[in-house]
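Residue numbers (our numbering): 10 to 340.
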């Protein structure tokens, strides 16, 4: 291939400040291959697909997709090549959203030459959909451990604090969270997120008058202030029906915060039960309560151990692992 031609197009939300951009940039930074960056947000999916199919990227070996929708639209216009997909999760829920039906999603997942996942939970799901195991590569995402650090020993409050970090989605299990906040008045609750104002379960309206609940809107809170908010937590809770990206959990653990998470994705891969957190079944309030009690008892003495689990997860490691996969794909 001539030096001026790209090995891969890489289709991601460049310039949007989203975590998918960070994943794509890490791959580019650690690879010797040539990439043509294509933004699928600013110009829209149709323009991005046109660039992949008919633009300079049309001569590439394949394309790397940070999201499944541009991949789906590309495959309507050209056959699959050595295409690669970042895959996080699949959850349609009652409303369906913009995700394909299960059969169509399974067919789509069988097309890429390589799928990058972040959890063994989703490896198993993909294999159940008929994806060959050799086409799956699990690379746990990264966390900026230098930014997210443990708080000082003398900086704890008398009452334990449970933190939740999430943009509202149907799969975030709003009713469970709302009920847990009302039931557990022995702990303080902090919800760092956005789009919780008009949710079906009216969580904010229901909890607004509680003295042990506080909502911090991320739209008015700069990311640089997030580590200080995490360091207020004793326990990080993630009781989702289906978890998405692992970043809030990784960031909380980098701050030494004891994680309590539903078994819906990446949590079971690196939480050692009773040692660095607890994983519980979805919608099991009794198990969740027990995990919170355990966290109250253990969190402040286990912060260094919790942090040690995620501190090796650097962006350089992520990029190097992905770059190695791409080299094998090109052989």
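By construction, the Cβ of each residue, glycine as well, lies at the ideal position given by its N, Cα and C atoms.
**Request:** Grab the span of the beta strand (DSSP E) containing residue 200 for me, first residue to last.
**Result:** Residue numbering aside, residue 200 sits at position 191 when the chain shown is read from its first letter. That run of the beta strand (DSSP E) goes 197 to 203.
**Request:** Kindly give me the distance between the Cβ atoms of residue 73 and residue 19, rounded to whole angstroms, as I take these residues to be in contact under 8 Å.
**Result:** Locating residue 73 in the chain shown gives position 64, where the first residue counts as 1. Locating residue 19 in the chain shown gives position 10, where the first residue counts as 1. The pair is a contact, with the Cβ atoms about 4 Å apart (cut-off 8 Å).
**Message:** Taking the alpha carbon of residue 310 as the reference point, which residue from 286, 123, 199, 321 has its own alpha carbon closest?
**Reply:** Position 301 of the chain shown, counting from 1, holds the residue named residue 310. Out of 286, 123, 199, 321, 286 has the C-alpha closest to the C-alpha of residue 310.
**Request:** Give the straight-line distance between the Cα atoms of residue 230 and residue 237, rounded to the nearest whole angstrom.
**Result:** For this step, residue 230 is matched to residue 221 along the chain shown. For this step, residue 237 is matched to residue 228 along the chain shown. Rounded to whole angstroms, residue 230 to residue 237 spans 11 Å at the Cα level.
**Message:** Please state the DSSP three-state secondary structure of residue 17.
**Reply:** For the purposes of this step, residue 17 is identified with residue 8 of the chain shown, where counting begins at 1. Looking at residue 17 - three-state DSSP - the assignment turns out to be strand.
**Asked** If residue 300 sits next to residue 319, beta carbons under 8 Å apart, how far is it from one beta carbon to the other, in whole angstroms?
**Response** Position 291 of the chain shown, counting from 1, holds the residue named residue 300. Position 310 of the chain shown, counting from 1, holds the residue named residue 319. With a Cβ gap of about 19 Å, residue 300 and residue 319 do not count as contacting.
**Message:** If you reduce the DSSP assignment to three classes, tell me which class residue 10 lands in.
**Reply:** For the purposes of this step, residue 10 is identified with residue 1 of the chain shown, where counting begins at 1. For residue 10, the predicted structure reports a pLDDT of 47, less than 50, and the residue's modelled location is therefore unreliable. A value from the coordinates is still provided. The answer is coil: DSSP assigns residue 10 none of H, G, I, E or B.
**Prompt:** Would the stretch 62 to 76 and the stretch 15 to 32 be scored as touching if the rule is three or more Cβ pairs under 8 Å?
**Reply:** yes
**Message:** So, at 6 Å on beta carbons, what are the nonlocal neighbours of residue 172 in its own chain, with the 5 sequence-adjacent residues on each side left out?
**Reply:** If you number the chain shown from 1, residue 172 lands on position 163. Excluding positions up to five away in sequence, the list reads 199, 242, 245.
**Asked** Quick one: complete beta strand (DSSP E) runs, 3+ long, within the stretch 228 to 260?
**Response** 244 to 247
**Request:** Specify, as a first and last residue, the run of the alpha helix (DSSP H) that residue 278 falls within.
**Result:** Working through the chain shown from its first residue, we reach residue 278 at position 269. Segment 276 to 279, the alpha helix (DSSP H) holding residue 278.
**Message:** Given a cut-off of 7 Å on the beta-carbon distance, is the pair residue 338 and residue 46 in contact?
**Reply:** In the chain shown, counting from the first residue as 1, residue 338 sits at position 329. In the chain shown, counting from the first residue as 1, residue 46 sits at position 37. Taking 7 Å as the Cβ cut-off, residue 338 and residue 46 do not qualify as a contacting pair.
**Asked** Do the stretch 317 to 333 and the stretch 36 to 43 make contact, defined as three or more Cβ pairs closer than 8 Å?
**Response** yes
**Asked** Among residues of its own chain, excluding the 5 on either side of residue 131, which ones have a beta-carbon nearer than 7 Å to its beta-carbon?
**Response** Translated into the one-based positions of the chain shown, residue 131 becomes position 122. Taken in chain order, the residues that qualify are 96, 98, 274.
**Message:** According to DSSP, residue 289 sits in a beta bridge with which residue or residues?
**Reply:** Reading the chain shown from its first residue, position 280 is the one you call residue 289. The partner list for residue 289 (beta bridge, DSSP) reads 271.
**Request:** Work out the CA separation of residue 251 and residue 272 for me, nearest whole Å.
**Result:** If you number the chain shown from 1, residue 272 lands on position 263. If you number the chain shown from 1, residue 251 lands on position 242. The straight-line gap from Cα to Cα measures roughly 9 Å.
**Item:** Three-state secondary structure assigned by DSSP to residue 332
**Value:** Along the chain shown, one-based indexing puts residue 332 at 323. Three-state DSSP puts residue 332 in a helix.
**Request:** Report yes or no: do the stretch 202 to 213 and the stretch 115 to 134 share at least 3 C-beta pairs separated by less than 8 Å?
**Result:** no
**Prompt:** residue 166 to residue 219, Cα distance in whole Å?
**Reply:** On the chain shown, residue 166 is found 157 positions in, with the first residue counted as 1. On the chain shown, residue 219 is found 210 positions in, with the first residue counted as 1. Distance between the alpha carbons of residue 166 and residue 219: 18 Å.
**Request:** Return helix, strand or coil for residue 72, following the three-state DSSP convention.
**Result:** As a position in the chain shown, residue 72 is number 63, starting the count at 1. Looking at residue 72 - three-state DSSP - the assignment turns out to be strand.
**Item:** Neighbour-count burial assignment, residue 336, 16 or more Cβ in a 10 Å radius
**Value:** Start at 1 with the first residue of the chain shown, and residue 336 comes out as number 327. Answer is exposed; the Cβ neighbour count stays below 16.
**Request:** Could you tell me if residue 232 is buried or exposed, where buried requires 16 or more neighbouring beta carbons within 10 angstroms of its beta carbon?
**Result:** Here residue 232 is taken as the residue at index 223 of the chain shown, counted from 1. By the neighbour-count rule (16 or more Cβ atoms within 10 Å), residue 232 is not buried but exposed.
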